[in-house]
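K.L.:
Heads up: the sequence shown is residues 41 to 360, going by the working numbering.
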Amino acid sequence: MPVGDFDGVLAVTAADAGYFGLLRDLMDSLDGAGLPLGIFDVGLTPDQRGWLEARGCTLVIPGWDVDFPGRDRMPSHYRSLASRPHVPRHFPGYDIYLWLDSDLWVQDQAVLRWYVDAARRGNLAIVPELDRSYWTVRKPPKLWGQNQKAFAWSYGVRAGYRLGRNPILNGGAWALRAGAPHWDAWAKAHDEALNRRSWWRRPSGPQNFYMCLSEQTALNKVVYGGRLPTTFLPALANWFCGKGAPWWDAERRVLVEPNAPYTPLGIVHLAGAGMKTRVWDLTVLQGGTLTTVLSRSAVRESAGLTARPGAESVGLEPVG
Numbered sequence: 041m042p043v044g045d046f047d048g049v050l051a052v053t054a055a056d057a058g059y060f061g062l063l064r065d066l067m068d069s070l071d072g073a074g075l076p077l078g079i080f081d082v083g084l085t086p087d088q089r090g091w092l093e094a095r096g097c098t099l100v101i102p103g104w105d106v107d108f109p110g111r112d113r114m115p116s117h118y119r120s121l122a123s124r125p126h127v128p129r130h131f132p133g134y135d136i137y138l139w140l141d142s143d144l145w146v147q148d149q150a151v152l153r154w155y156v157d158a159a160r161r162g163n164l165a166i167v168p169e170l171d172r173s174y175w176t177v178r179k180p181p182k183l184w185g186q187n188q189k190a191f192a193w194s195y196g197v198r199a200g201y202r203l204g205r206n207p208i209l210n211g212g213a214w215a216l217r218a219g220a221p222h223w224d225a226w227a228k229a230h231d232e233a234l235n236r237r238s239w240w241r242r243p244s245g246p247q248n249f250y251m252c253l254s255e256q257t258a259l260n261k262v263v264y265g266g267r268l269p270t271t272f273l274p275a276l277a278n279w280f281c282g283k284g285a286p287w288w289d290a291e292r293r294v295l296v297e298p299n300a301p302y303t304p305l306g307i308v309h310l311a312g313a314g315m316k317t318r319v320w321d322l323t324v325l326q327g328g329t330l331t332t333v334l335s336r337s338a339v340r341e342s343a344g345l346t347a348r349p350g351a352e353s354v355g356l357e358p359v360g
């Protein structure tokens, strides 16, 4: 099925030299969609930059878009996190910005329309880390879990209690219209988080971890605290593999959700410690297992697939 129209839409990501292989997987998964790609370069090699520019990518080396104590001691890739609330300034001239982390890949391009259509209506399109197949739904809720701690670190204990109980909105994939009020609100919330305390005196361990999460936490604050218009897309549109191992459908030759009706995943996201190199023994829907890393190239190699999928749909339909 056709997956356009993406006129006026820019896909945006970020990568350094170590993520170049994952970035190529993402680009291959977007083949045929007709989406231009903007890339925050936070440490690519000259050869990698040349390869990307030859394929029409627009590369930007971001500076620091927010001032905070101790930023000169932060690794270069943190600049791409700080730049997300400022994407339209770095890549001007587009109507819609579709952010896709470079450690994810698109299995079904139909989900990209879900993001873009919601953004065209003025909503932030984003996916909560919540699904019936995630192991987290079977785990007793913590009184003071990661999200509460992230909010408390960024905005104080009261915010941790009031806002941190909401499902995490994953910042790895989202879409937003240029000129939407979310951008300014997000930038201000992120600035507030980074300047409210002297975390920078110990830029390691939990301090480093919550600094890394601060732009995602700020975006969550904008949605839950600011009540700006938002469309929550289903987990299929940004499947968090660290919270739910997908299954393999050998007949359709796709990764699917691990519960009936075994719908194919739209986006496969490898966020989290060890997720990019972990070897999985995936349950095969028809029986047996498929042993593979969950990168696009590894899955296709393990399953014996060689042809590029182009823009065909594997079973998802447009929303709305």
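Every residue, glycine too, gets a C-beta built ideally from N, C-alpha and C.
Hey, how far is the Cα of Asp148 from the Cα of Val156?
P.N.:
Straight-line Cα distance between these residues: approximately 14 Å.
K.L.:
Report, in whole angstroms, the separation of the C-beta atoms of Val365 and Trp279, which I expect to be a contact under 8 Å.
P.N.:
Outside the modelled stretch of the chain, which goes from 41 to 360, sits residue 365, for which no answer is possible.
K.L.:
Between the Cα of Thr271 and the Cα atoms of Phe80, Arg205, His130, Arg161, which residue gives the shortest distance?
P.N.:
Comparing Cα-Cα distances from Thr271 to each of Phe80, Arg205, His130, Arg161, the minimum goes to Arg161.
K.L.:
Can you tell me the Cα-Cα spacing of Phe191 and Ser123, whole angstroms?
P.N.:
Going from the Cα of Phe191 to the Cα of Ser123 covers about 20 Å.
K.L.:
Please list the terminal residues of the continuous alpha helix (DSSP H) segment that includes Val151.
P.N.:
It spans 150-160 - the alpha helix (DSSP H) in which Val151 sits, taken as one unbroken run.
K.L.:
Run through DSSP, which three-state label would Phe108 get?
P.N.:
Phe108: coil per DSSP, three-state reduction.
K.L.:
Helix, strand or coil: which one does DSSP assign to Pro86?
P.N.:
Helix.
K.L.:
Please look up how many angstroms separate the CB atoms of Thr53 and Leu140, rounded, as I've assumed it's under 8 Å.
P.N.:
Right, their Cβ atoms sit about 5 Å apart.
K.L.:
Using the rule of at least 16 other Cβ atoms within 10 Å of the residue's Cβ for burial, across every protein chain shown, is Glu169 buried or exposed?
P.N.:
Buried, because 16 or more other Cβ atoms sit within 10 Å of the Cβ of Glu169.
K.L.:
What does a CB cutoff of less than 7 Å around Glu255 pick up in its chain, not counting 5 residues either side in sequence?
P.N.:
Excluding positions up to five away in sequence, the list reads Leu121, Ala122, Arg124, Pro125, Gly211, His230.
K.L.:
On the DSSP letters alone, give me the boundaries of the alpha helix (DSSP H) that Gly200 sits inside.
P.N.:
Here the alpha helix (DSSP H) through Gly200 covers 197-203.
K.L.:
So, Leu152 versus Trp214, is the Cβ gap smaller than 8 Å?
P.N.:
It is not a contact, given that the beta carbons lie outside the stated cut-off.
K.L.:
I'd like to check one pair, Ile101 with Asp81: are the Cβ atoms closer than 8 Å?
P.N.:
In this structure, Ile101 lies closer than 8 Å to Asp81 by Cβ.
K.L.:
Taking just the CA atoms, how far does Asp289 sit from Leu325?
P.N.:
Taking the straight line from one Cα to the other gives about 5 Å.
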